[in-house]
Amino acid sequence: MRVLGINALFHDPAAALVIDGQIVAAAEEERFSRRKHGKRPVPFSAWELPELSARWCLEQAGLRPADLDAVAYSYDPTLARPAEQLGLDDPFDHLRQDYARRAPAFLAEALPGLDPEKVRFVAHHVAHAASAGQASPYPDCAVLVLDGRGECGSHLGGRYVDRELTVLAAQELPDSLGLFYEDLTEHLGFLRSSDEFKVMALASYGTPRFKDRLREYVHADGAGGFRARTVPWASLVPGREPGASWSREHADVAASAQACLEDVMLELAGWLHGRTGEDVLTLAGGVALNCVANTRLHRESPFRRIWVQPAAGDAGTALGAALHVANEKEPVAAMESAALGRGWSDEELRGWLERAAVAYEEPEDIAETVAEELSRDGVVAWFQGRAEFGPRALGHRSLLAHPGRAENLERLNAVKGREEFRPVAPMVLEERAAELFDGPLPSPYMLFVHEVAEEWRERIPAVVHVDGTARIQTVGAADEPLVARMLGAFERRTGLPVVVNTSLNTAGRPMVDDPRDALECFGSAPVDLLVLGPFAVRRAKARS
């Protein structure tokens, strides 16, 4: 069974390929097109398909469109209703529905040879659910989906037994926790459906003094759903112009919205545990990228374990839709890694460097070379293996730095051209993590925050957020042997088992994906060392 999954309608277009129940490839369109998020989430862009990522998925497996048994599209227009009936102010939403209905023909045009009859519509939140419940290591689990919107709803609560879904709750629009957070994102001068993580970061600088006011608009209903109606944000704090300075009031309203979101998620999880009795909760939907809320679920919900899809946003529905359709015919396997995107052999990387005419070296052990540069306080652009699926850099497309210098936070934010309040993350060997960080372990996908042990806060200040937490990535030597060797080599030189890890990109641009992207980023940003596989390019030599 060969199933290509497609996410296209709202934002973060992506493609994924599942063959004989195994996940073969998955990638966001932005990595190919170099347009952040692939496109803007407006009705007029709904026709745009992830053509480049879909073609790459097929090439990765040596398939033609005609070889596919099914194409799973992560939205079902037969379930949709007009926006005005849903209480949404979206006068052009009918264009979305029209484009969705025509998706089989559009896909056949984009992928010549594809039979449009092979296109299957999968309900948006079912696709989200499958990306968590079917991709997780747990065949039996509860699943909670929360996002902005699907066909008619914004939430799904359910249970997987032997990877088969039973839906137990769903929240109809216009109530939406995702839209609640998106509205505040826009009010605070950030880009909605893109910058919600900035609101989460800003919340750490404030106090939730508006929380009681917000609870008038946003609260759980005690029956597995919630109310989340439009908030008059301007009555709480003035809006912020994009690029303007933020105030304590802005941080306070962000903290209040974050606390309100967490409260509702905790109540939904409690209700779901009562209905399922499962030990494991899996999460998907854009709201599941809120690592602060995820950690509160870990600490306070009745579930013993929380598993979050690393591509929890809409991009992940491409994978979920493919898994859902594949599972109808054969058992599907769990997602073992987020490294599902493009990769290059060492000789291919050498060819890129020679065509670029840059001086490079091939050290005996690149891990030792990088550790030495980091110990001298150099910034390293690290490009290894297959690209990550999802928004987190997990040691394949990363910027690395020394965590022991507090000024490196400001330095990296300047390198990337982003807001000064944004934190950077630590990567740490899995077996050492518990000595430094208190939170859910292991944490390989950077989807939780951890309290930094008091005795370590002054030793690794660059990765400690203003509230004393860090969004860590644990590294297992069996899964990431090269990264693990680099961490060990850095600790031998510095006594610190942690390295700063942030995504390899600059503000407003997608994460670096191919070698050309890496070379261009290195050429335009103040990075000291570029590593492409086993090869190293030094700043001084690159300019000589």
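Mapping of the sequence shown onto this note's numbering: position 5 corresponds to residue 5, and the numbering continues sequentially without gaps. Note that beta-carbon positions come from the ideal geometry of N, C-alpha and C, so glycine has one too.
Supposed contact pair residue j and residue i - C-beta distance, whole angstroms, cut 8 Å
| i | j | result |
| --- | --- | --- |
| LEU268 | SER398 | Contact doesn't hold; Cβ gap of about 34 Å is too wide. |
| VAL537 | VAL370 | Actually they are not in contact, since the Cβ atoms of VAL537 and VAL370 sit about 12 Å apart, beyond 8 Å. |
| GLY189 | ALA251 | GLY189 to ALA251, Cβ: 13 Å. No contact. |
| CYS57 | ALA25 | 4 Å |
| ALA387 | GLY341 | 3 Å |
| ALA135 | MET335 | 4 Å |
| ASN413 | GLU407 | Actually they are not in contact, since the Cβ atoms of ASN413 and GLU407 sit about 11 Å apart, beyond 8 Å. |
| LYS550 | PRO510 | Not covered by the structure: residue 550. The range shown for the chain is 1 to 544. |
| GLY378 | GLY343 | Actually they do not touch by this definition, with Cβ atoms about 25 Å apart. |
| HIS128 | GLY320 | 6 Å |
Own chain, CB closer than 7 Å to residue i, minus 5 neighbours either side, in chain order
| i | result |
| --- | --- |
| ALA259 | PRO208, LYS211 |
| LYS329 | MET1 |
| ASP467 | SER204 |
| LEU144 | GLY157, LEU268, ALA269, LEU272, LEU281, LEU283 |
| VAL452 | LEU436, PHE437, VAL464, GLY468, THR469, ALA470 |
| HIS219 | PHE226, ARG227, VAL264 |
| PRO403 | PRO426, ILE460, ALA462, VAL463, LEU496, VAL498, VAL499, VAL500 |
| SER256 | PRO208, ARG209, PHE210, LYS211, LEU214 |
| SER33 | LEU52 |
Same chain, Cβ closer than 8 Å to residue i, neighbours up to 5 away in sequence not counted
| i | result |
| --- | --- |
| HIS115 | Here residue 115 turns out to be Asp, not His, going by the sequence shown. The residues are ALA66, ALA108. |
| GLU216 | none |
| VAL161 | PRO139, ASP140 |
| ASP221 | ARG227 |
Residue environment, residue i, which counts as buried when at least 16 other CB atoms sit within 10 Å
| i | result |
| --- | --- |
| LEU22 | The sequence given here places Gln at residue 22; Leu does not occur at that position. With fewer than 16 Cβ atoms within 10 Å of its Cβ, GLN22 is classed as exposed. |
| ALA478 | exposed |
| PHE121 | buried |
| ARG543 | At ARG543 the pLDDT is 47, less than 50, meaning the model places this residue with poor confidence; the figure from the coordinates comes in the next sentence. Answer is exposed; the Cβ neighbour count stays below 16. |
| GLN97 | buried |
| GLN309 | buried |
| GLU241 | exposed |
| GLY148 | buried |
| ALA254 | buried |
| PHE92 | exposed |
| GLY439 | buried |
| GLY5 | buried |
| ASP69 | exposed |
| GLY395 | buried |
| SER614 | Residue 614 is absent from the structure shown; the chain starts at 1 and stops at 544. |
| THR295 | buried |
| GLN514 | Position check: residue 514 holds Asp in this sequence, whereas Gln was assumed. Under this definition ASP514 is a buried residue. |
| GLY178 | buried |
| ALA14 | buried |
| ALA357 | exposed |
| GLU545 | Residue 545 lies beyond the residue range present for the chain, which begins at 1 and ends at 544; the question has no answer from this structure. |
| ASP346 | exposed |
Sheet register partners of residue i (DSSP bridge)
| i | result |
| --- | --- |
| ALA339 | GLU388 |
| ILE306 | LEU281 |
| VAL428 | THR474, VAL498 |
| ILE23 | VAL18 |
| ASP438 | GLU451 |
| GLU164 | VAL161 |
| TYR73 | ILE6, PHE121 |
| LEU144 | GLY157, LEU283 |
| LEU529 | VAL380, ARG538 |
As assigned by DSSP and simplified to three states, the class of residue i
| i | result |
| --- | --- |
| ARG275 | helix |
| PRO65 | helix |
| GLU451 | strand |
| LEU400 | strand |
| LEU297 | helix |
| HIS11 | coil |
| VAL625 | Shown here, the chain extends from 1 to 544; a query on residue 625 therefore has no answer. |
| ASP183 | helix |
| GLN85 | helix |
| THR469 | strand |
| THR506 | coil |
| GLY488 | helix |
| GLY113 | coil |
| GLY178 | helix |
| VAL537 | strand |
| PHE44 | helix |
| GLN171 | strand |
Own chain, CB closer than 6 Å to residue i, minus 5 neighbours either side, in chain order
| i | result |
| --- | --- |
| PRO444 | THR474 |
| ARG539 | ASP528 |
| ARG275 | LEU168 |
| GLY133 | CYS141, VAL143, TYR160, THR282 |
| PRO331 | GLY21 |
beta-carbon residue i near the ligand SAM non-hydrogen atom, thresh 7 Å
| i | result |
| --- | --- |
| LEU202 | You won't find the ligand SAM in this model; it holds no ligand whatsoever. |
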